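A.B. asks: Chains as they are written, first to last, in this note's numbering: chain A, 4 to 118; chain B, 4 to 118; chain C, 94 to 236; chain D, 94 to 236.
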Amino acid sequence: MMLGITQKDKDGWVVLELSGEIDMATGPKLRQTIVHRVQDGDTKIVLDLSGVDFVDSTGLGVLIGGLKRTRSHGGDLRCVGLTEPLKEMFKLTGLDAILSKENKTPEDIEGFSHD
Amino acid sequence: MMLGITQKDKDGWVVLELSGEIDMATGPKLRQTIVHRVQDGDTKIVLDLSGVDFVDSTGLGVLIGGLKRTRSHGGDLRCVGLTEPLKEMFKLTGLDAILSKENKTPEDIEGFSHD
Amino acid sequence: MTKGITLEIPAKAEYLSLVRAVVVSAAGLDPAVEDQRIEDLRLAVSEATTNAIRAHANLGSDERITIRCGLGDDRIEVEVQDRGPGFNPEELKEVGPLNEPERLQYEGGFGIPLMRVLADEIQIDSADEGTTVQLVVYIPPSS
Amino acid sequence: MTKGITLEIPAKAEYLSLVRAVVVSAAGLDPAVEDQRIEDLRLAVSEATTNAIRAHANLGSDERITIRCGLGDDRIEVEVQDRGPGFNPEELKEVGPLNEPERLQYEGGFGIPLMRVLADEIQIDSADEGTTVQLVVYIPPSS
Ligand SMILES: Nc1ncnc2c1ncn2[C@@H]1O[C@H](COP(=O)(O)OP(=O)(O)O)[C@@H](O)[C@H]1O
Ligand SMILES: Nc1ncnc2c1ncn2[C@@H]1O[C@H](COP(=O)(O)OP(=O)(O)O)[C@@H](O)[C@H]1O
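Structure below.
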C-alpha cells in the first residue's frame with residue numbers, strides 16, 4: 004500500500020489530499036512534502052485524510068512535526084475528513100484536540116470559500 | 004473471507020445472491036444450498052455473482068456440479084453479474100460458453116419479468 | 094531472487110484467503126506489477142495451495158504448508174511446499190484441453206492446467222516427502 | 094494457543110502493510126471477532142513490527158522478523174519477534190500520559206503506550222539476542 008498525495012491550492016491554504024496508509028514506509032514522503040511547502044512559504048496546510056484508512060504512531064509523529072513546523076512559521080496544519088478508525092486513533096493519542104478542530108471538510112475551515 | 008448467500012424467488016427461478024469468495028473453504032456451502040433447492044424441486048437456479056471477487060477451480064467444480072444437477076432434473080443453472088476477473092477465469096476454462104449465456108443481470112434471463 | 098517473505102499455515106482450507114491476501118500484498122509492493130498479473134498469481138497460488146492442503150488430508154495437523162514469496166527485479170516467484178505423499182505430474186490423466194465443452198464432464202482437474210496458463214513459469218518437484226510447486230510471473234521492465 | 098500461522102519478513106518498512114493484511118485476514122477467520130478489535134490488533138501489531146524493524150536497522154538484512162499469529166477459542170495472540178539489540182521496557186523515558194496536550198512536544202514514543210491501550214494483554218520479553226512482544230486481544234464468547 005502506498006501513500007498518494009494530490010496537492011491543491013485553495014484560498015491561501017494548501018490542501019494535500021492523501022490516500023492510502025501513513026506509516027514508517029510512507030511517512031517520510033508526507034514529511035518531505037510538508038517541509039517543501041513550508042520552505043516555499045506555504046505555511047497554511049490542510050491534510051484531507053478521507054482517503055486514508057490507517058495512520059500509525061510514525062504517521063502521528065509526521066502530523067505533529069508538520070503542526071509544529073507550520074505554526075513556527077506563522078501558519079497552521081489542519082486535518083479534515085477523518086474516517087472512524089482514524090478518529091479513534093486521534094482520540095486515543097489526544098491529537099484530536101489540536102489537529103482536527105471539529106472540521107469535517109476543507110470548507111468548514113475559516114478562510115475557505117464555499118463553492 | 005466468507006461466502007454470503009442470500010436466497011430470493013423470482014418468476015419461477017431461485018436467485019442466489021453470492022458475496023465473497025468461492026473456494027475449497029466456502030464451496031461446500033454453495034454446493035449444499037444448490038443440492039437442497041433441487042431436492043425441494045427448485046431446479047431453475049440463477050447465481051448472481053456480482054458480489055463475488057474470486058472463484059477458484061474448486062468453485063468451478065461446484066458450478067459445473069450445479070449445472071449438471073439442475074439440468075438432470077429438467078432445470079438449469081445460470082450465472083449473472085460476473086466481474087472482470089471472473090469473466091477472465093470463465094473464459095480460460097471454457098465455462099463462459101455454457102454457464103453465463105451472455106446474461107448480464109437476472110432480468111436478462113428469459114422468463115424473468117422486468118420490474 | 095531477492096530474499097522475500099515466508100508464510101507457514103495449517104493445512105486447512107480456511108487459510109486459503111489469507112494466503113491470497115499475502116500474495117496480493119507482496120506482489121503489490123512493486124508498483125510495476127500490473128493488476129491483471131496480480132490476479133493471475135493470486136489464482137495460481139491459490140490453486141497450488143489448495144492441492145497442498147488436499148495432499149495433507151491424511152497427515153497430522155502439525156505438518157504445515159510453507160509459502161515463500163520473493164520479488165526480484167524482473168519476476169515474482171512463489172513457492173508452495175507441502176509434506177504430502179507426492180505425485181507424478183507426468184502421469185496426470187489427460188482430461189482434454191481447457192476451454193472445450195466436453196471438458197465439463199469432469200468437475201475437477203482444473204488446478205494444474207490453470208496454473209500453467211496463469212504463470213509464466215511453473216516447476217513441480219514432487220517426491221515421497223512432499224511437493225514443491227514454484228510459480229513465476231514476470232514483471233515488465235519499468236520505463 | 095491453537096497452532097496458527099507464522100510469517101517471516103525482511104526488516105523493511107515496506108513490509109508493514111503486508112503484516113497488517115495478514116493480521117486482519119487471520120483475525121477475520123473467526124467471525125466472532127468484532128471489526129473494532131481487528132482494527133485495534135492491526136494497529137498494535139503494526140507498532141510492534143515498526144519497533145522490530147527499527148531494532149534491526151544495524152543488522153544484516155538476512156536477519157528477519159517473525160510474526161506468529163494464533164487463534165484460540167477466546168483470544169487472538171500475535172507475537173512479534175526480532176533479533177535486535179533488545180531494551181529494558183521498565184526504563185523507558187516517561188513521556189506523560191497519552192491524551193495530554195503537553196505530550197505533543199514529543200514526536201515519538203507513542204508505540205508502546207498505544208499497544209498497551211489497544212491490546213487486552215501485552216508482554217515484552219527483551220534480551221541481548223532480541224525482543225519478543227506478545228499481544229493478546231480477547232474474543233467475546235459467541236452466543
Ligand atoms: N501437491 C500435491 N500433492 C499430491 N498430489 C497432487 C498435488 N497437486 C496435484 N496433485 C495430484 O494431481 C491431480 C491433478 O491436480 P489438479 O490439476 O490441481 O486438479 P484437482 O486438484 O482438481 O484434481 C490431483 O488430483 C492430485 O492427484
Ligand atoms: N523491539 C525493540 N527493540 C529494541 N528497542 C525497542 C524495541 N521496541 C521499543 N524499543 C525502545 O523503546 C522505545 C519506545 O518505543 P515506542 O514507545 O514504540 O516509541 P518510539 O518507537 O516512537 O520511540 C524506542 O525508542 C526504543 O528505544
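C-beta: ideal position from N, C-alpha, C; glycine also. Nothing here was measured: the structure is a model prediction, and the numbers come from that model.
Identify every residue that forms a DSSP beta bridge with residue 172(D).
C.D. replies: Partner(s): 161(D), 227(D).
A.B. asks: Could you give the residue range of the beta strand (DSSP E) that holds residue 220(C)?
C.D. replies: Counting along the chain, the beta strand (DSSP E) containing residue 220(C) begins and ends at 214 to 220.
A.B. asks: One question on the structure: do residue 203(D) and residue 52(A) come within less than 8 Å of each other, judged by their Cβ atoms?
C.D. replies: Cβ atoms of residue 203(D) and residue 52(A): not closer than 8 Å.
A.B. asks: Between residue 61(B) and chain C, is any beta-carbon pair separated by less than 8 Å?
C.D. replies: Closer than 8 Å: yes.
A.B. asks: Which residue wins for smallest C-alpha separation from residue 104(D), given the options 160(D), 121(D), 164(D)?
C.D. replies: It is 160(D) whose Cα lies nearest to the Cα of residue 104(D).
A.B. asks: Taking 8 Å as the CB-CB cut-off, is residue 104(D) touching chain C?
C.D. replies: Not an interface residue.
A.B. asks: Along the chain, where does the alpha helix (DSSP H) containing residue 132(C) start, and where does it finish?
C.D. replies: First-last of the alpha helix (DSSP H) with residue 132(C): 128 to 148.
A.B. asks: Taking only runs of the beta strand (DSSP E) that begin and end inside the region 17 to 66 of chain A, which ones reach a length of at least 3 residues, in chain order?
C.D. replies: As far as the region 17 to 66 of chain A is concerned, its whole beta strand (DSSP E) runs of at least 3 residues are 47 to 58.
A.B. asks: DSSP puts residue 98(C) in a beta bridge; with which residues?
C.D. replies: DSSP, once it has assigned bridges, lists 162(C) as partnering residue 98(C).
A.B. asks: Beta-carbon of residue 200(D) versus every beta-carbon of chain C: anything under 8 Å?
C.D. replies: Not an interface residue.
A.B. asks: Who are the near neighbours of residue 167(D) in its chain, counting only those whose CB is closer than 8 Å to its CB and skipping five residues on each side?
C.D. replies: Excluding sequence neighbours, residue 167(D) sits near 231, 232, 234.
A.B. asks: Taking 7 Å as the cut-off, does the CB of residue 148(C) come closer than this to any heavy atom belonging to ligand 1?
C.D. replies: The answer is yes for residue 148(C).
A.B. asks: Using a Cβ distance threshold of 8 Å, determine whether the region 169 to 182 of chain C contacts the region 24 to 32 of chain B, with at least three qualifying pairs required.
C.D. replies: No contact exists between the region 169 to 182 of chain C and the region 24 to 32 of chain B.
A.B. asks: Any heavy atom of ligand 1 closer than 7 Å to the Cβ of residue 9(B)?
C.D. replies: No, the Cβ of residue 9(B) stays beyond 7 Å of every heavy atom of ligand 1.
A.B. asks: Report the rounded CA-to-CA distance for residue 82(A) versus residue 118(D), giving the unit in angstroms.
C.D. replies: Distance between the alpha carbons of residue 82(A) and residue 118(D) is about 29 Å.
A.B. asks: Give every residue of the same chain whose Cβ lies closer than 6 Å to the Cβ of residue 126(D), excluding the five residues on either side of it in the sequence, and list them in chain order.
C.D. replies: Same-chain partners within the cutoff: 120, 232.
A.B. asks: Of all the CB atoms in chain C, is at least one closer than 8 Å to the CB of residue 7(B)?
C.D. replies: Answer no: the Cβ-Cβ gap between residue 7(B) and chain C never drops below 8 Å.
A.B. asks: Can you give the Cα-Cα distance for residue 141(C) and residue 124(D), rounded to whole angstroms?
C.D. replies: The straight-line gap from Cα to Cα measures roughly 26 Å.
A.B. asks: Within the 8 Å Cβ cut-off, does residue 231(D) reach chain C?
C.D. replies: Chain C, which has no Cβ nearer than 8 Å to the Cβ of residue 231(D), makes this no.
A.B. asks: Starting from residue 94(A), follow the beta strand (DSSP E) in both directions and report where the run begins and ends.
C.D. replies: Run containing residue 94(A): none in the beta strand (DSSP E); it sits in the alpha helix (DSSP H), 87 to 95.
A.B. asks: Mind listing which residues of the region 201 to 228 of chain D have their C-beta closer than 7 Å to chain A's C-betas, in chain order?
C.D. replies: Cβ contacts with chain A: 201, 203, 204, 207, 210.
A.B. asks: So residue 99(A) is in the alpha helix (DSSP H); what residue range does that whole segment cover?
C.D. replies: Element bounds for residue 99(A): 98 to 102.
A.B. asks: Quick one: what does DSSP say residue 186(D) is sitting in, helix, strand or coil?
C.D. replies: Residue state, collapsed to three classes: coil.
A.B. asks: Near residue 122(C), which residues of its chain fall below 8 Å by C-beta distance, leaving aside the five closest residues on each side in sequence?
C.D. replies: Cβ neighbours of residue 122(C) beyond the five flanking positions: 164.
A.B. asks: Measuring alpha carbon to alpha carbon, tell me which residue in 71(B), 85(B), 87(B), 98(B) is nearest residue 47(B).
C.D. replies: Looking at the Cα atoms, 71(B) is the closest of the given residues.
A.B. asks: To the nearest whole angstrom, what separates the beta carbons of residue 228(C) and residue 138(C), a pair I think is in contact under 8 Å?
C.D. replies: Right, the Cβ-Cβ distance comes to about 6 Å (below 8 Å), so this counts as a contact.
A.B. asks: Could you tell me whether any Cβ in chain F is nearer than 8 Å to the Cβ of residue 64(A)?
C.D. replies: No chain F is present in this structure, whose protein chains are A, B, C and D.
A.B. asks: Residue 58(A) and residue 19(A) look like a contact to me (Cβ under 8 Å); what is the Cβ gap, rounded to whole Å?
C.D. replies: The Cβ separation is near 14 Å, so there is no contact.
A.B. asks: Which residue wins for smallest C-alpha separation from residue 39(A), given the options 76(A), 56(A), 22(A)?
C.D. replies: Nearest of 76(A), 56(A), 22(A) to residue 39(A), Cα basis: 76(A).
A.B. asks: Within 7 Å: the Cβ of residue 206(D) and any heavy atom of ligand 2?
C.D. replies: Because some heavy atom of ligand 2 lies under 7 Å away, the Cβ of residue 206(D) counts as near it: yes.
A.B. asks: Does residue 79(B) come within less than 8 Å of chain C when only Cβ atoms are used?
C.D. replies: Chain C, which has no Cβ nearer than 8 Å to the Cβ of residue 79(B), makes this no.
A.B. asks: Within its chain, find whatever has a CB closer than 6 Å to the CB of residue 94(C); leave out the 5 residues flanking it on each side and keep chain order.
C.D. replies: Low confidence applies here, because residue 94(C) scores a pLDDT of 46, under 50, leaving its location unreliable and the question unanswered by this model.
A.B. asks: To the nearest angstrom, how far is the alpha carbon of residue 25(A) from that of residue 220(C)?
C.D. replies: So the alpha carbons of these two residues sit roughly 46 Å apart.
A.B. asks: Could you compute how far the alpha carbon of residue 99(B) sits from the alpha carbon of residue 69(B)?
C.D. replies: Going by the C-alpha atoms only, they are around 15 Å apart.
A.B. asks: State buried or exposed for residue 157(C), treating a residue as buried only when at least 16 other CB atoms are found within 10 Å of its CB.
C.D. replies: Answer is buried; the Cβ neighbour count reaches 16.
A.B. asks: Please return the same chain residues whose Cβ sits closer than 7 Å to the Cβ of residue 223(D), not counting the five positions on each side in sequence.
C.D. replies: Closer than 7 Å at Cβ, skipping near neighbours: 174, 175, 176, 177, 179.
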